[in-house]
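Working notes, beginning with the structure itself.
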Amino acid sequence: MEKPIAYTEHAKVAMSERGLDPEWVEASVRNPQWVEADPDDPEVVRHFRSVPEHGGRYLRVALVETVAEFRILSAFFDRRARPK
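In UniProt numbering, the protein residues as written are 1 to 84.
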């Protein structure tokens, strides 16, 4: 069974305002191209994945992973993101 994905209220609003498809976010969470630690919060990780439907731009998803779920904090297209 796959771990469920939960969205904070901020993430829901950000995704709506930015026109982000939940499928893009889920793909980034479950199959990231790369992962980085958040420099400001050791509990937060950033998952990155290119989105072909959006010109190949990289979607950054900030999340906290627990044993029970992935909790999405925010998501946006990161203009500075480059694969490692």
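Glycine is no exception: its CB is placed at the ideal position from the N, C-alpha and C atoms.
Check whether residue i and residue j have beta carbons under 8 Å apart
i, j, result
"H47", "V64", "no"
"A27", "R57", "no"
"D40", "R60", "no"
"V44", "A62", "yes"
"V13", "I72", "no"
"A75", "M15", "yes"
Span of the beta strand (DSSP E), counted from its first residue to its last, around residue i
i, result
"R60", "R57 to E65"
"R71", "F70 to F77"
C-alpha gap between residue i and residue j, whole angstroms
i, j, result
"P4", "F70", "6 Å"
"Q33", "H54", "16 Å"
>> Runs of 3 residues minimum, wholly inside the region 24-57: which ones carry the beta strand (DSSP E) assignment?
In response: Correct list: 34-37 and 45-51.
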